[in-house]
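Some notes on the structure that comes next.
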Amino acid sequence: MPANIPSSFFEWVSFLLDKYGALFFKGTVVTLEVALTGTVFGFLLGLIVAIVRTIPLSKKSRAKRIALHVCRFLLGAYIEVFRGTPMIVQSMVIYYGLMQVGVKMPVLAAAIFIVSINTGAYMAEIIRGGIISVDKGQKEATVALGMTHWQGMVHVVLPQAVRNIMPSIGNEFVVNIKDSSVLNVISVGELFFMSKSAAGAYLRYFEVFFITACIYLVLTFSVTRLLRLMEKKMDGQDHYTIYGSQSDSKSSITVQEGGQV
Amino acid sequence: MKPILEISHLEKRFGDHLVLKDINFQVDQGEVICVIGSSGSGKSTMLRCINFLEEPTGGRILYHGKDAATEWRRTEYNAKVGMVFQSFNLFSNMSVLENCVAGQMYVLKTPRKEAEEKAVYFLEKVGMGQYRYAKPAQLSGGQKQRVAIARALCMEPEILLFDEPTSALDPEMVGEVLGVMQKLAASGMTMLIVTHEMSFARDVAQRVLFMDGGIILEDAKPAELFTNPKQERTKEFLQRVIARQL
Numbered sequence: 561m562p563a564n565i566p567s568s569f570f571e572w573v574s575f576l577l578d579k580y581g582a583l584f585f586k587g588t589v590v591t592l593e594v595a596l597t598g599t600v601f602g603f604l605l606g607l608i609v610a611i612v613r614t615i616p617l618s619k620k621s622r623a624k625r626i627a628l629h630v631c632r633f634l635l636g637a638y639i640e641v642f643r644g645t646p647m648i649v650q651s652m653v654i655y656y657g658l659m660q661v662g663v664k665m666p667v668l669a670a671a672i673f674i675v676s677i678n679t680g681a682y683m684a685e686i687i688r689g690g691i692i693s694v695d696k697g698q699k700e701a702t703v704a705l706g707m708t709h710w711q712g713m714v715h716v717v718l719p720q721a722v723r724n725i726m727p728s729i730g731n732e733f734v735v736n737i738k739d740s741s742v743l744n745v746i747s748v749g750e751l752f753f754m755s756k757s758a759a760g761a762y763l764r765y766f767e768v769f770f771i772t773a774c775i776y777l778v779l780t781f782s783v784t785r786l787l788r789l790m791e792k793k794m795d796g797q798d799h800y801t802i803y804g805s806q807s808d809s810k811s812s813i814t815v816q817e818g819g820q821v
Numbered sequence: 004m005k006p007i008l009e010i011s012h013l014e015k016r017f018g019d020h021l022v023l024k025d026i027n028f029q030v031d032q033g034e035v036i037c038v039i040g041s042s043g044s045g046k047s048t049m050l051r052c053i054n055f056l057e058e059p060t061g062g063r064i065l066y067h068g069k070d071a072a073t074e075w076r077r078t079e080y081n082a083k084v085g086m087v088f089q090s091f092n093l094f095s096n097m098s099v100l101e102n103c104v105a106g107q108m109y110v111l112k113t114p115r116k117e118a119e120e121k122a123v124y125f126l127e128k129v130g131m132g133q134y135r136y137a138k139p140a141q142l143s144g145g146q147k148q149r150v151a152i153a154r155a156l157c158m159e160p161e162i163l164l165f166d167e168p169t170s171a172l173d174p175e176m177v178g179e180v181l182g183v184m185q186k187l188a189a190s191g192m193t194m195l196i197v198t199h200e201m202s203f204a205r206d207v208a209q210r211v212l213f214m215d216g217g218i219i220l221e222d223a224k225p226a227e228l229f230t231n232p233k234q235e236r237t238k239e240f241l242q243r244v245i246a247r248q249l
């Protein structure tokens, strides 16, 4: 025990920050790491699932049609299972399940894997919604120009779908920052896990978790602001330059002799 | 001269509903054909079947004598048979220029520089050159439709299909779009136009098809069809429509 034991709430907070600052920092880094990579991989996974689920059924090839049906069924099952069970249970099943069959995953890798596959299930539906929300006429226009389904998706539908679901992607990211805390059950050294160790030493749960709550809030708040900025960036300018006008850098007006333009 | 497009016994049903019963006609090089008829008569469905936005349930479409459904690659055929939609359907994630470049680059594999030059050429033609950096959302309806026409022209199609190109426009913008179409017709472009603009059909088309109940009821020169329709249904339709338009 230190010589002068803190007596008030604020004294405790500053004392704990001083003593366990590094621990909080490490936990924060792991939380961000897991949430960020989990969201990114989850997004990619969801994108693939949503793309496969929106491929139009081929009218010509029966084999392709059957393959697609099987794919869709499996992907549907994946979504149902991972949306329908809590992540805390999924982490127990996957981590300890793998261990029982002799695969010892590093905890951080396991954490990222679990968050990714869980996020992927939600993202798949979010992205499918985004794809459906894009004006059908524009997809028809790609077909009318002679583009393939794939070209139309890549150049026209997906860019708009992703832009439209940016708020939901942000939501998933925020959820992942917070819900990665359940990974403490498999001893991932994220913020909640670290906080628990810090709280245990002096049995100051309130003060420690007050600090933890503040860190989570700062994280989620900065992430939502950042995503807002990204959205603005994606929207581009809200004005355009008339070609040939003076503010258009690409135009040049040449004045010939005699002052005639 | 062989026709570009020969349509025989074209049929389209949605479930139990038979929309196109038996469509037969041909399109020759350079012809401008207007399709008229009341709503629900199958005009738009017919157009959409011709470029396979709807799969026909019967009949054949021959393009240069070869079956469009089986003997042509779908993407190649669609690139040759351009389409202008009622609701423009410009790609809202792209600028006006990109809209005109995309098809050339991805379908025709034209290099970007060349594609942009052609895009600018056709945008100038429809009077939209100076708006090349605008996004579709920043344009008026008439401007959007002119861009859509330029986008279709950039593919250098052999025939252009128009699906009620002025129906979604404010009355004062109809003129600018019809003007562009008239110029296009004069330049020798082959066009198949579903329209409610009777005066346009009368003045610009070389042939007018009157559709009713999923068939082509009358196929004649505009002077003949508008002044001396053979069918009773055509007469009724024209009386109703022309009374309202003039």
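In the order they appear, the protein sequences are chains X and B.
Number 800 in our numbering belongs to position 240 of the first sequence; there are no gaps in the numbering.
Number 71 in our numbering belongs to position 68 of the second sequence; there are no gaps in the numbering.
All C-beta atoms, glycine included, are put in the ideal place defined by N, C-alpha and C.
_Residue-chain proximity (X/E700, chain B), Cβ-Cβ < 8 Å_ = yes
_Please report whether the beta-carbon of B/V38 lies at a distance below 8 Å from any beta-carbon of chain X._
no
*Sort out for me which residues DSSP pairs B/H20 with in a bridge.*
B/F17
_My parser needs the alpha helix (DSSP H) runs of 4 or more residues fully inside the segment 76 to 129 of chain B; what are they?_
Fully contained in the segment 76 to 129 of chain B are the following alpha helix (DSSP H) runs of length 4 or more, in chain order: 77 to 83, 99 to 109, 115 to 128.
*Given a threshold of 16 other Cβ atoms within 10 Å of its Cβ, counted over all protein chains shown, does B/A151 qualify as buried or as exposed?*
buried
*asked:* Is the separation between the beta-carbon of B/L195 and that of B/L50 shorter than 8 Å?
replied: yes
*Which term fits X/C774, buried or exposed, when burial requires 16 or more other beta carbons within 10 angstroms of its beta carbon?*
By the 10 Å Cβ count, X/C774 comes out exposed.
*Neighbourhood of X/I686 by C-beta distance below 6 Å, restricted to the same chain and skipping five residues each side*: I725, S728
*Exposure label - B/H12; buried when at least 16 CB within 10 Å*: Under this definition B/H12 is an exposed residue.
*Does the segment 56 to 69 of chain B come close enough to the segment 112 to 129 of chain B that 3 or more CB-CB pairs lie under 8 Å?*
With the cut-off at 8 Å, the segment 112 to 129 of chain B and the segment 56 to 69 of chain B do not touch.
*Could you name the residues of the segment 672 to 703 of chain X whose beta carbon sits closer than 7 Å to any beta carbon of chain B, in the order they occur along the chain?*
G697, Q698, E700, A701, V703
*Residues that X/T708 contacts on chain B, provided the C-beta gap is smaller than 7 Å*: T78
*Inspect the CB distances between the segment 787 to 807 of chain X and the segment 736 to 743 of chain X and report whether three or more fall short of 8 Å.*
When Cβ pairs closer than 8 Å are counted between the two stretches, the segment 787 to 807 of chain X is seen not to touch the segment 736 to 743 of chain X, the count staying below three.
*With a 10 Å radius around its C-beta and 16 neighbouring C-beta atoms as the bar for buried, classify X/L634 as buried or exposed.*
exposed
_With a threshold of 8 Å on Cβ separation, who are the neighbours of X/L605 within its own chain once the five nearest residues in sequence on each side are excluded?_
S676, I677, T679, G680, M683, A684
_Helix, strand or coil at X/H629 according to DSSP, with G and I counted as helix_ = helix
*In this structure, does DSSP put B/C37 in helix, strand or coil?*
strand
*So which residues of chain X does B/M158 contact, with C-beta pairs closer than 9 Å?*
At a beta-carbon threshold of 9 Å, the residues of chain X lying near B/M158 are L705, G706, ordered along the chain.
*Looking only at C-alpha atoms, which of X/G636, X/T708, X/Y762 sits nearest to X/S567?*
X/Y762
*Would you identify the three-state DSSP class for X/F570, choosing helix, strand or coil?*
Judged by DSSP in its simplified three-state form, X/F570 adopts helix.
*asked:* For B/V87, which residues in the same chain have their Cβ closer than 6 Å to its Cβ, ignoring the five residues on either side in sequence?
replied: Cβ neighbours of B/V87 beyond the five flanking positions: A151, I152, A155, F165, P168.
*asked:* Please identify, using Cβ separations under 9 Å, the residues of the segment 611 to 630 of chain X that lie next to chain B, in order along the chain.
replied: K619
_chain X contacts made by the segment 125 to 140 of chain B, where a contact means CB separation under 8 Å_ = G132, Q133, Y134, R135, Y136, A137, K138
*Note down the Cα distance separating B/K233 from B/V207, rounded to an integer number of angstroms.*
21 Å
*asked:* Considering just the uninterrupted stretch of the alpha helix (DSSP H) at X/G730, what are its terminal residues?
replied: 726 to 739
*Can a CB atom of chain B be found closer than 8 Å to the CB of X/P848?*
Nothing can be reported for residue 848 of chain X: it is not among the residues displayed for chain X, which extend from 561 to 821.
*Look up X/T772 in the DSSP assignment and give the residues it is bridged to.*
According to DSSP, X/T772 shares a beta bridge with no other residue.
*Nearest to B/V38 by CA position, among B/F28, B/T198, B/N231, is which residue?*
B/T198
_Contact between the segment 742 to 752 of chain X and the segment 705 to 722 of chain X is defined here as three or more beta-carbon pairs at a separation below 8 Å; is this criterion met?_
no
*X/E593 by DSSP, collapsed to three states: which one?*
Here X/E593 sits in helix by DSSP.
_Sequence ranges, alpha helix (DSSP H) only - wholly within the segment 152 to 219 of chain B, length at least 4_ = 174 to 189, 201 to 207
*Using the rule of at least 16 other Cβ atoms within 10 Å of the residue's Cβ for burial, across every protein chain shown, is X/T814 buried or exposed?*
With a pLDDT of 47 at X/T814, under the threshold of 50, the modelled position of this residue cannot be trusted; read the value that follows with caution. With fewer than 16 other Cβ atoms within 10 Å, it is exposed.
*What does DSSP give as the partner residues of B/S11 in its beta bridges?*
Partner(s): B/R63.
*Does the separation of the CB atoms of X/N736 and X/A595 fall below 8 Å?*
yes
*Can you give the Cα-Cα distance for B/L111 and B/M201, rounded to whole angstroms?*
36 Å
*Exposure of X/G587, with buried meaning 16 or more beta-carbon neighbours within 10 Å*: buried
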